[in-house]
Amino acid sequence: MPEVKVSGLHKKFGDVTVLNDINFTIREGEFFTLLGPSGCGKSTTLNCIAGLETPSSGAITVDGVPFVDTHKKLYVPTEERNLGMVFQSYALWPHMSVEANLVMPLAIRKASKEEKSVRIHEALETVGLSHLKDRYPHQLSGGQQQRVALARALVYSPSVLLLDEPLSNLDAKLREQSRAWLKRLQVELGITTVYVTHDQDEALSLSDRIAVMFDGQMAQIGTPAEIYEKPATAAVAAFVGSCNFFTGRLEGHHGGIALVRLDNSGILVKVASALTLDKGDAVTVAVRPERLSITSRTADVTGANVLETTVLTRSYVGSRYEYGLKLGTNVVQVISPSGDLDGAVRLVFEAEDALLYAGSSVPSAEAAELMTVAS
């Protein structure tokens, strides 16, 4: 399976820039996800690879073969790219049977009758739907329709598979099941895959690597663990998973440990950081809820940061409890296995459990709905 390389990709719609200098390389056989909020440019990037959008500038190559090079005025038509694509709506022809839906891309490629029969059978066997070849889309469940769309994308043996939010129309339980099935299938086929989603759980569970996008630009590219554990910016930390944010001022930096005086509460906390900053600089401290622990005020605890707080809310969510704690004038989210804490408690975390970012501005508006801000 080939490598995909995108270089210096720009796209404008009139005076509006939707892609600004996009660069990435997808390794052979890799599951690569474009993750970001609505309107960030992820689908436009995918459509440029597919040939459904024409870049304003830049280059795209697949297995070393140039598909787009605006400098050389080169543009390979969509039908000549041998790429398989599954759309969010599935785009199945409602008046055609499952089998007839799969015939269409093969007919366009002028496959023989015998080849059509073999390829269709293999594609439907791959997605486990060969017994439904005579049904029509309206006779299928949402999950079955999604598999038919995937079979149609695979039937002509594409070099790269492009998936544009293919699970977004499924209910939560079926979406979870489909994630697991899709990952197993991709590993089995070994096909290079480009996946677009705004769902962080999908991105983390499916991907070999993730590219997080905001406002038509790449914010960070890395493995799921790198994106979650070491987000490059506060915006990435806020968008991928829940996070508490504390704004403050740097009071010192010794031996890789930053001392930060938090705004409003005035509490001094220690954060492990290699940032080069000056005393008095505005900073933002970020801590994942699961990195925080809470204990009673009477418990004997040690740690780099032990803060006096009060329980405001406690919710049971099955495998854990979610607490809302009052720290100064703000609420801090904490995940805990214990559900018997109330009233005055201590909030504990180590310096290595927190992240430090320069500047005191909260993460960008794209992440606002997914974050807990404590300043």
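Numbering (the working numbering), first residue to last: 122 to 496. In this text, a Cβ means the ideal position worked out from N, Cα and C, and glycines have one as well.
Would you kindly check if the distance between the Cβ of valine 125 and the Cβ of valine 315 is under 8 Å? yes
Suppose the cutoff is 7 Å on Cβ atoms and the five residues either side in sequence are ignored; what does the same chain contact list for proline 123 look like? Glu149, Val183, Asp184, Ser280, Val281, Thr313
Expressed to the nearest angstrom, what Euclidean distance is found between the alpha-carbon atoms of serine 459 and arginine 441? 7 Å
Would a C-beta distance cut-off of 8 Å place leucine 428 and isoleucine 388 closer than the cut-off? yes
May I ask which residues mark the beginning and end of the beta strand (DSSP E) holding tyrosine 499? Examination of residue 499 is not possible in this model, given that the chain is present from 122 through 496 alone.
Does the segment 168–178 come close enough to the segment 345–352 that 3 or more CB-CB pairs lie under 8 Å? no
Expressed to the nearest angstrom, what Euclidean distance is found between the alpha-carbon atoms of valine 127 and phenylalanine 145? 5 Å
Could you name each continuous beta strand (DSSP E) segment of 3 residues or more that falls completely within the segment 149–175, going from the start of the chain to the end? 152–156
I want to know whether the segment 227–245 touches the segment 204–217 - three or more CB-CB distances under 8 Å. no
I need the straight-line Cα distance from glutamate 473 to alanine 393, nearest angstrom please. 5 Å
Check whether the segment 438–454 touches the segment 397–405, taking contact to mean three or more Cβ pairs, one atom from each stretch, closer than 8 Å. no
Pairwise C-alpha distance: valine 197 and serine 210: 25 Å
Can you check which of these residues, Ala465, Ala228, Thr450, Phe470, is closest to asparagine 426 by C-alpha distance? Phe470
DSSP on methionine 206, reduced to helix/strand/coil? strand
Give every residue of the same chain whose Cβ lies closer than 6 Å to the Cβ of lysine 133, excluding the five residues on either side of it in the sequence, and list them in chain order. Ser177
Does the beta-carbon distance from aspartate 380 to phenylalanine 367 come in below 8 Å? This sequence places leucine at residue 380; aspartate is not what is there. No, these two residues do not count as a Cβ contact at 8 Å.
Please report the distance separating the alpha-carbon of leucine 491 from that of lysine 294. Confidence at leucine 491 is low in this model, with a pLDDT of 40, below 50, so the placement of that residue should be treated as unreliable; the coordinate-derived value is given next. Approximately 21 Å between the Cα atoms of the pair.
Mark glycine 135 as exposed unless 16 or more other C-beta atoms lie within 10 angstroms of its C-beta, in which case mark it buried. exposed
Identify which residue in Asp292, Ala356, Leu283, Arg435 has its Cα closest to the Cα of serine 481. Ala356
Out of Met217, Val438, Asn451, state which residue places its alpha-carbon closest to the alpha-carbon of asparagine 365. Asn451
Can you list, in chain order, the residues of its chain whose CB lies under 7 Å from that of arginine 330, leaving out five sequence neighbours each side? Glu151, Phe153, Ile342, Gly343, Thr344
Measuring CB to CB, does glutamine 321 end up less than 8 Å from glycine 362? yes
Considering only residues of the same chain and omitting the five flanking positions on each side of glycine 449, which have a CB-CB separation below 6 Å? Asn385, Ser386
Considering only C-alpha positions, which residue in the set Ala324, Ile147, Leu130 is nearest to leucine 301? Correcting the residue identity first, residue 301 is alanine in this sequence and not leucine. Taking only the C-alpha atoms, the option nearest alanine 301 is Ala324.
Can you round the beta-carbon distance between leucine 167 and valine 317 to whole angstroms, since I take them to be within the 8 Å contact cut? 5 Å
Looking at C-beta atoms only, is the number of pairs between the segment 248–256 and the segment 216–228 that lie closer than 8 Å three or more? yes
Length of the line joining the Cα atoms of aspartate 461 and valine 432: 11 Å
So what does DSSP say about histidine 192, is it helix, strand or coil? helix
Outcome for aspartate 285 when other beta-carbon atoms lying within 10 angstroms are tallied against a minimum of 16: buried
What separation, rounded to the nearest whole angstrom, lies between the Cα atoms of alanine 332 and serine 238? 38 Å
Contact under 8 Å by Cβ, glutamine 260 with leucine 291: no
So, at 8 Å on beta carbons, what are the nonlocal neighbours of histidine 131 in its own chain, with the 5 sequence-adjacent residues on each side left out? Thr138, Leu140, Asn141, Asp142, Ile143, Pro176, Ser177, Ser178, Gly179
Candidates Ala407, Val453, Leu413: closest to leucine 477 by CA position: Ala407
Look at the alpha carbon of lysine 391 and the alpha carbon of glycine 424, and state the distance between them as a whole number of angstroms. 10 Å
Rounded to whole angstroms, how far is the Cβ of alanine 272 from the Cβ of leucine 250, which I believe are closer than 8 Å? 7 Å
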